[in-house]
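A short worksheet on the structure shown next.
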Amino acid sequence: MLIRLISGDTPRSPILAAILLIILLGLAFAPFVFPGTRSVDTAARICIFIVLVASYDLMLGYAGIVSFAHTMFFGIGAYGVALASIHMGRGFDALVVGSVSGAIAAAVLALVIGLFSLRVRAIFFAMITLAVASAFAVLVSQLSNLTGGEDGLNYQIPRALTAAQRYLEEPFFGVRVNGKLVNYYVVFFGSLIVFLILLRIVNSPFGRVLQAIRENDFRTEAIGYRVVYYRTTATILSAVAASLAGSLFAIWLRYVGPDTTLSFDIMIDILLMVVIGGMGTMYGAMIGATIFVLAQNYLQNLMGAAEEALQSVGVPLLPLFLNPDRWLLWLGILFVLSVYFFPTGVVGRLRRRG
Amino acid sequence: MSAAPDHAPTIVRAGLRDRLAPHVPLLLIPVLIVLGFVSIGSPSSWLTLTVSGLAMGMMIFIMASGLTLVFGLMDVINFGHGAFVSVGAFVGITVLLALGGMTGSPSLALNMAALLLAVVAAMLATGIIGWGFEKVIVEPVYGAHLKQILVTMGGLIIVEELILVAWGPDEIFFTRPETLQGAFTFAGAAIERYRLVAVVFGLALFLAMRFVLRSTKIGLIVRAGVENGEMVQALGYRLRAVFIGVFIAGSALAGLGGVMWALYQEVITAHMGAGIMVLVFIVVIMGGLGSVEGCFIAALLVGLTQNYVAFLEPKLALISNIGLMVLILMWRPQGMMPVVKAK
Numbered sequence: 001m002l003i004r005l006i007s008g009d010t011p012r013s014p015i016l017a018a019i020l021l022i023i024l025l026g027l028a029f030a031p032f033v034f035p036g037t038r039s040v041d042t043a044a045r046i047c048i049f050i051v052l053v054a055s056y057d058l059m060l061g062y063a064g065i066v067s068f069a070h071t072m073f074f075g076i077g078a079y080g081v082a083l084a085s086i087h088m089g090r091g092f093d094a095l096v097v098g099s100v101s102g103a104i105a106a107a108v109l110a111l112v113i114g115l116f117s118l119r120v121r122a123i124f125f126a127m128i129t130l131a132v133a134s135a136f137a138v139l140v141s142q143l144s145n146l147t148g149g150e151d152g153l154n155y156q157i158p159r160a161l162t163a164a165q166r167y168l169e170e171p172f173f174g175v176r177v178n179g180k181l182v183n184y185y186v187v188f189f190g191s192l193i194v195f196l197i198l199l200r201i202v203n204s205p206f207g208r209v210l211q212a213i214r215e216n217d218f219r220t221e222a223i224g225y226r227v228v229y230y231r232t233t234a235t236i237l238s239a240v241a242a243s244l245a246g247s248l249f250a251i252w253l254r255y256v257g258p259d260t261t262l263s264f265d266i267m268i269d270i271l272l273m274v275v276i277g278g279m280g281t282m283y284g285a286m287i288g289a290t291i292f293v294l295a296q297n298y299l300q301n302l303m304g305a306a307e308e309a310l311q312s313v314g315v316p317l318l319p320l321f322l323n324p325d326r327w328l329l330w331l332g333i334l335f336v337l338s339v340y341f342f343p344t345g346v347v348g349r350l351r352r353r354g
Numbered sequence: 355m356s357a358a359p360d361h362a363p364t365i366v367r368a369g370l371r372d373r374l375a376p377h378v379p380l381l382l383i384p385v386l387i388v389l390g391f392v393s394i395g396s397p398s399s400w401l402t403l404t405v406s407g408l409a410m411g412m413m414i415f416i417m418a419s420g421l422t423l424v425f426g427l428m429d430v431i432n433f434g435h436g437a438f439v440s441v442g443a444f445v446g447i448t449v450l451l452a453l454g455g456m457t458g459s460p461s462l463a464l465n466m467a468a469l470l471l472a473v474v475a476a477m478l479a480t481g482i483i484g485w486g487f488e489k490v491i492v493e494p495v496y497g498a499h500l501k502q503i504l505v506t507m508g509g510l511i512i513v514e515e516l517i518l519v520a521w522g523p524d525e526i527f528f529t530r531p532e533t534l535q536g537a538f539t540f541a542g543a544a545i546e547r548y549r550l551v552a553v554v555f556g557l558a559l560f561l562a563m564r565f566v567l568r569s570t571k572i573g574l575i576v577r578a579g580v581e582n583g584e585m586v587q588a589l590g591y592r593l594r595a596v597f598i599g600v601f602i603a604g605s606a607l608a609g610l611g612g613v614m615w616a617l618y619q620e621v622i623t624a625h626m627g628a629g630i631m632v633l634v635f636i637v638v639i640m641g642g643l644g645s646v647e648g649c650f651i652a653a654l655l656v657g658l659t660q661n662y663v664a665f666l667e668p669k670l671a672l673i674s675n676i677g678l679m680v681l682i683l684m685w686r687p688q689g690m691m692p693v694v695k696a697k
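Here the protein sequences come in this chain order: L and P.
Number 5 in this note's numbering belongs to position 5 of the first sequence; there are no gaps in the numbering.
Take the position in the second sequence, starting the count at 1, then add 354; the result is the number in this note's numbering.
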């Protein structure tokens with residue numbers, strides 16, 4: 001049953017299995033184990049980014065397509081929920097309509113981009129998605145009467161999902177059982193379901209064909225698979241999953257804006273997470289996203305402390321590199337090193353040893 | 355036994371149509387300019403926009419030319435190219451700011467000397483960084499596109515962060531050298547001096563580059579290498595060395611483009627290179643990978659479209675370039691003047 005649930009794709013390494021279990025349990029019981037607004041927010045972000053990164057991995061790690069438009073699909077999902085909530089009023093129907101229409105829009109856009117640029121040569125796709133995504137971000141920030149422009153949109157989600165709604169008078173294991181908690185579990189289970197579906201997809205015959213295309217597209221075509229068809233389908237599936245992640249993000253944050261959903265920085269974050277976690281394994285997304293979001297939230301404190309320590313000792317120059325704002329520098333170096341020395345990331349390393 | 359049939363080979367000259375076909379894209383520029391004239395209506399605004407469009411196109415061309423050659427030669431796509439633009443801008447502007455005495459004086463000669471120093475410093479810096487970038491980041495991943503994209507992207511992040519370490523996180527505002535400020539009026543249209551300088555300079559650079567590629571031996575090797583690298587190597591040329599040279603030159607050109615772009619914008623940020631890369635990629639794709647002429651035409655088209663559309667319908671400026679690219683690719687899927695065979 002359990003094996004079936006994860007589509008027969010077992011971790012194949014005791015250490016990896018242990019780490020994944022810790023992440024899963026940590027996220028499942030995050031509100032109880034790590035109470036506090038900030039840590040629960042971090043946990044929700046990890047859930048959402050796991051889905052986002054896993055969907056990107058479907059394209060990059062399995063089909064071997066580099067796309068820079070993934071945040072665009074993420075943003076479409078998020079804006080779908082936001083716009084539906086504003087125009088249809090507060091309610092669960094708005095959330096569903098927003099998510100579904102966002103997913104459809106993402107699929108159509110992915111189909112158009114895919115048909116257009118995947119036919120010519122794969123490398124065009126990287127450049128064209130970069131151009132399209134940045135044009136989309138500019139468009140969103142300029143159509144301010146529709147999208148709120150740079151300020152983004154604030155909207156209301158059903159009361160049942162906000163902290164105002166109390167379900168139990170007494171705290172349960174020291175945690176107040178309110179709508180915020182329910183909201184967290186909506187995000188958690190939503191992410192879990194999409195992740196398991198993605199796991200199912202990559203372990204299906206379809207996923208095998210994608211891997212074959214990644215290894216040798218010419219040969220795959222010769223065996224009789226329409227490479228363009230498979231690549232485009234992978235792009236669409238990945239776009240839909242990304243847009244669903246965006247919808248969950250919008251439900252959690254109750255705010256969408258270009259900086260939180262569409263910016264190129266998020267795209268770079270996704271790339272870092274995929275590569276550090278491990279390309280070509282869905283579990284890599286789990287590990288990459290967890291490491292990265294934790295680093296984003298807590299590494300900066302650590303670096304700040306190190307900077308102050310060094311400054312007080314009087315070391316020249318080095319504190320500049322340890323400035324908390326420079327955390328991306330270290331992750332960038334880690335990224336380049338991982339592409340060279342362990343392209344299969346943390347997961348590939350652990351599996352080989354296991 | 356019958357005699358062998360007469361063998362009289364004739365070389366039929368290709369028809370006019372076939373001979374002209376490769377040059378058709380050249381016509382697009384005048385067509386676009388006329389189209390702009392018709393849709394804008396007012397001649398003076400049209401002239402202003404055309405000059406600034408051409409200036410922008412020239413600067414994009416300077417940044418994109420290195421990228422397209424590097425791709426053509428070694429099939430290396432460098433997503434970190436934008437980093438050189440930023441580095442060039444920062445180094446160049448730092449030199450200009452240090453030479454405040456020279457840039458502040460109204461003398462053209464002093465201004466130009468300061469500018470020249472800034473450009474040389476920027477090109478030296480980006481050339482050296484380009485050399486290091488090629489050695490450390492690009493060389494280990496020859497032949498693997500996926501890794502190239504990822505690794506050069508990583509290089510871009512690192513270089514951007516290093517700029518932030520060296521120059522701090524704030525935007526730097528500055529003013530152009532004294533004699534390049536302001537505008538003059540020509541036929542009722544206000545034309546910024548700097549834009550005209552950029553157009554002239556870009557055109558000169560294009561002609562120089564064309565001369566090097568067409569009329570010198572090194573240019574011959576580079577062009578032959580783009581078309582068929584293995585053959586060039588078989589003939590005994592070390593293509594690898596040529597490639598490193600082109601990479602360094604391309605990086606230095608990006609640095610030069612960065613200085614010019616910075617002077618155009620009068621503000622620099624660490625992310626400016628990554629921002630302009632979007633246009634650079636559009637230009638490289640439209641022109642046809644590996645083609646300097648195609649790149650030049652595409653850059654002018656993009657610059658003009660951007661300026662015309664920004665005047666007519668400001669919100670559609672960037673979208674219009676994507677639309678232009680889509681149209682061009684529907685017409686010629688490999689770009690306007692493809693050189694590299696689909697690999």
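Just so you know, even glycine gets a beta-carbon here, dropped at the ideal spot from N, CA and C.
A quick note: this is a predicted structure, and the numbers were derived from the prediction, not measured.
Residue i: which of the options sits nearest, CA to CA?
{"i": "residue 92(L)", "options": "294(L), 317(L) and 251(L)", "result": "251(L)"}
{"i": "residue 638(P)", "options": "527(P), 580(P), 419(P) and 529(P)", "result": "419(P)"}
{"i": "residue 59(L)", "options": "167(L), 187(L) and 210(L)", "result": "210(L)"}
{"i": "residue 157(L)", "options": "232(L), 298(L), 183(L) and 292(L)", "result": "183(L)"}
{"i": "residue 651(P)", "options": "667(P), 524(P), 679(P) and 671(P)", "result": "679(P)"}
{"i": "residue 622(P)", "options": "513(P), 374(P), 416(P) and 528(P)", "result": "528(P)"}
{"i": "residue 337(L)", "options": "396(P), 413(P) and 505(P)", "result": "505(P)"}
{"i": "residue 73(L)", "options": "346(L), 202(L) and 244(L)", "result": "244(L)"}
What residues in its chain sit with their C-beta under 7 Å from that of residue i, if we drop five residues either side in the sequence?
{"i": "residue 696(P)", "result": "Residue placement at residue 696(P) is poorly supported in this model, since its pLDDT is 43, which falls under 50; the coordinates still yield a value, given next. Closer than 7 Å at the Cβ level, and outside the excluded window around residue 696(P), lie 688."}
{"i": "residue 518(P)", "result": "624"}
{"i": "residue 424(P)", "result": "430, 432, 600, 601 and 604"}
{"i": "residue 311(L)", "result": "319"}
{"i": "residue 451(P)", "result": "528"}
Residues bridged to residue i by DSSP?
{"i": "residue 175(L)", "result": "172(L)"}
{"i": "residue 154(L)", "result": "255(L)"}
{"i": "residue 538(P)", "result": "545(P)"}
{"i": "residue 703(P)", "result": "Any property of residue 703(P) remains undetermined from this structure, which presents chain P solely from 355 to 697."}
{"i": "residue 371(P)", "result": "Looking at the DSSP assignment, residue 371(P) forms no beta bridge with any residue, so it has no partner."}
{"i": "residue 166(L)", "result": "178(L)"}
Counting only the same chain and skipping the five closest in sequence on each side, list residues whose C-beta sits under 8 Å from that of residue i.
{"i": "residue 485(P)", "result": "598, 601, 602 and 605"}
{"i": "residue 367(L)", "result": "The question about residue 367(L) has no answer here: the residues shown for chain L are numbered 1 through 354."}
{"i": "residue 175(L)", "result": "31, 32, 35 and 181"}
Beta-carbon within less than 6 Å of residue i's beta-carbon, same chain only, minus the 5 sequence neighbours each way: which residues are those?
{"i": "residue 162(L)", "result": "179"}
{"i": "residue 254(L)", "result": "157"}
{"i": "residue 300(L)", "result": "324 and 327"}
{"i": "residue 238(L)", "result": "55, 58 and 59"}
{"i": "residue 366(P)", "result": "none"}
{"i": "residue 409(P)", "result": "549, 552 and 553"}
Does the beta carbon of residue i fall short of 7 Å from some heavy atom of the ligand GDP?
{"i": "residue 6(L)", "result": "Ligands in the displayed structure: none, and consequently the ligand GDP is not present."}
**Asked** What residues in the region 36-67 of chain L bring their beta carbon closer than 7 Å to a beta carbon of chain P?
**Response** 64 and 66
**Near-chain L residues of the region 355-381 of chain P (beta-carbon distance less than 9 Å), N- to C-terminal order** = none
**Asked** Taking any Cβ of chain P, which residues in the region 222-247 of chain L have a Cβ under 9 Å from it, in chain order?
**Response** none
**Message:** Please give the ranges of any alpha helix (DSSP H) in the region 242-292 of chain L, keeping only runs that are unbroken, at least 4 residues long and fully inside the region.
**Reply:** 258-261 and 264-277
**Item:** Near-chain L residues of the region 496-516 of chain P - C-beta to any C-beta below 8 Å
**Value:** 499, 500, 501, 503, 504, 505, 507, 508, 509, 511, 512, 515 and 516
**Request:** Note down, in chain order, all residues in the region 291-323 of chain L with a beta-carbon under 8 Å from any beta-carbon belonging to chain P.
**Result:** 320, 321 and 323
**Request:** May I have a chain-ordered list of the alpha helix (DSSP H) segments no shorter than 4 residues that lie completely inside the region 376-436 of chain P?
**Result:** 378-394 and 397-428
**Asked** At a Cβ cut of 8 Å, what residues of the region 125-145 of chain L count as close to chain P, listed as they run along the chain?
**Response** 126, 127, 128, 130, 131, 132, 134, 135, 138, 139, 142 and 143
**Message:** Residues of the region 480-495 of chain P in Cβ contact with chain L at a cutoff of 8 Å, in chain order, please.
**Reply:** 491, 494 and 495
**Message:** To be precise: take each residue of the region 517-532 of chain P, compare its Cβ to all Cβ atoms of chain L, and keep it if any distance is under 8 Å. Which residues remain?
**Reply:** 518, 519 and 523
**Request:** Closer than 7 Å, Cβ to Cβ, to anything on chain P: give me those residues from the region 265-290 of chain L, in chain order.
**Result:** 268, 271 and 275
**Prompt:** If contact means a Cβ-Cβ distance below 9 Å, which residues of the region 616-629 of chain P contact chain L?
**Reply:** 625, 628 and 629
**Message:** Any C-beta of chain P within less than 7 Å: which residues of the region 327-339 of chain L qualify?
**Reply:** 328, 329, 332, 333, 335, 336 and 339
**Prompt:** Curious, which full-length alpha helix (DSSP H) runs of at least 4 residues does the region 633-682 of chain P contain?
**Reply:** 646-666
**Asked** Along the chain, which unbroken stretches of the alpha helix (DSSP H) at least 4 residues long are found entirely within the region 299-344 of chain L?
**Response** 300-313, 318-321 and 327-341
**Message:** If we require 4 or more residues per run, which alpha helix (DSSP H) segments fall completely within the region 543-591 of chain P?
**Reply:** 547-569, 571-581 and 583-588
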